[in-house]
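Here's the structure we're looking at; comments come further down.
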Amino acid sequence: SPPPGPQKDVGAVEGHASTLLVGGPSSLCELSPPSQAPKRSLSQAAPRSRSAFSFFSVVHLGSRLPRPDFSHVCLDAWLGFQGKCYYFSETESNWTISQESCEALGASLAPISTIFVKRYKGEANHWFGLRKEEDGWWWSNGTAFDNRFEVWGGGRCAYLNQERISSSLCHTKKHRLRSRPDDYVLWKQKTYPA
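Going by the UniProt record's numbering, the residue at position 96 of the sequence shown is 96; the numbering climbs one at a time, nothing skipped.
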């Protein structure tokens, strides 16, 4: 139930009424269904009304999406790590076909970090999203590789092996390491676009 004092319904946000009371110099109270996500920003302040005891301002809250259940942010058999989901495939293909099959599933050959390499080396040989072009190494998302780790071998396509990052001819068949943003990251991108 709402706290005593003046309040005003500021309208529906995706079917839910939201009221925000801003009172006195230091009190702030929000009335909103508890299942909804925190507010991104406050905007469109309404005129202030003063009483003998305190003053209150009603502020309209921006639109937001309800927060889904994030008990599983990655699909079954995918590994969650630092906001992404990773899948170590059991099938093998060349680098190009591996990238195409990942894209068909809404994923890509994974760009990986040094921390990821230290934690997950030891898996069978898996292609990931790093390829050598004429002007250097590039990630499959189009960004330049920053040489955060050494790539061993003389090939043009990188893979994670039992010991380190190596490279091989791109037509060689290997497992693939897929990645995609986890469900929480995707939800945040929809709710709070940049």
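Quick reminder that beta carbons are idealized off the backbone N, C-alpha and C, glycines included.
Reduced DSSP category for residue i - H, G, I as helix; E, B as strand; rest coil
{"i": "residue 156", "result": "coil"}
{"i": "residue 81", "result": "strand"}
{"i": "residue 128", "result": "strand"}
{"i": "residue 92", "result": "coil"}
{"i": "residue 190", "result": "helix"}
{"i": "residue 60", "result": "Confidence in residue 60 is poor, its pLDDT being 39 and thus under 50, which makes the residue's placement unreliable; the coordinate value appears in the next sentence. Residue 60: strand per DSSP, three-state reduction."}
{"i": "residue 144", "result": "strand"}
{"i": "residue 41", "result": "Residue placement at residue 41 is poorly supported in this model, since its pLDDT is 32, which falls under 50; the coordinates still yield a value, given next. Of the three classes helix, strand and coil, the one that applies to residue 41 here is coil, per DSSP."}
{"i": "residue 184", "result": "helix"}
{"i": "residue 108", "result": "strand"}
{"i": "residue 133", "result": "strand"}
Option in the options with minimal Cα separation from residue i
{"i": "residue 127", "options": "92, 143, 113, 142", "result": "92"}
{"i": "residue 168", "options": "175, 161, 156", "result": "156"}
{"i": "residue 153", "options": "142, 166, 147", "result": "166"}
{"i": "residue 185", "options": "119, 145, 83", "result": "83"}
{"i": "residue 115", "options": "81, 158, 176", "result": "81"}
{"i": "residue 99", "options": "76, 140, 90", "result": "140"}
{"i": "residue 170", "options": "72, 90, 95", "result": "95"}
Environment of residue i [buried if 16+ CB atoms lie within 10 Å]
{"i": "residue 130", "result": "buried"}
{"i": "residue 182", "result": "buried"}
{"i": "residue 104", "result": "exposed"}
{"i": "residue 160", "result": "buried"}
{"i": "residue 176", "result": "buried"}
{"i": "residue 28", "result": "Reliability fails at residue 28, whose pLDDT of 26 lies under 50, so the model's placement of it is uncertain and no value is given."}
Endpoints, the beta strand (DSSP E) within which residue i is located
{"i": "residue 165", "result": "165-168"}
{"i": "residue 196", "result": "Nothing can be reported for residue 196: it is not among the residues displayed for the chain, which extend from 1 to 194."}
Sub-9 Å separation of residue i and residue j beta-carbons
{"i": "residue 164", "j": "residue 106", "result": "no"}
{"i": "residue 125", "j": "residue 188", "result": "no"}
{"i": "residue 178", "j": "residue 86", "result": "yes"}
{"i": "residue 158", "j": "residue 132", "result": "yes"}
{"i": "residue 75", "j": "residue 88", "result": "no"}
{"i": "residue 138", "j": "residue 151", "result": "no"}
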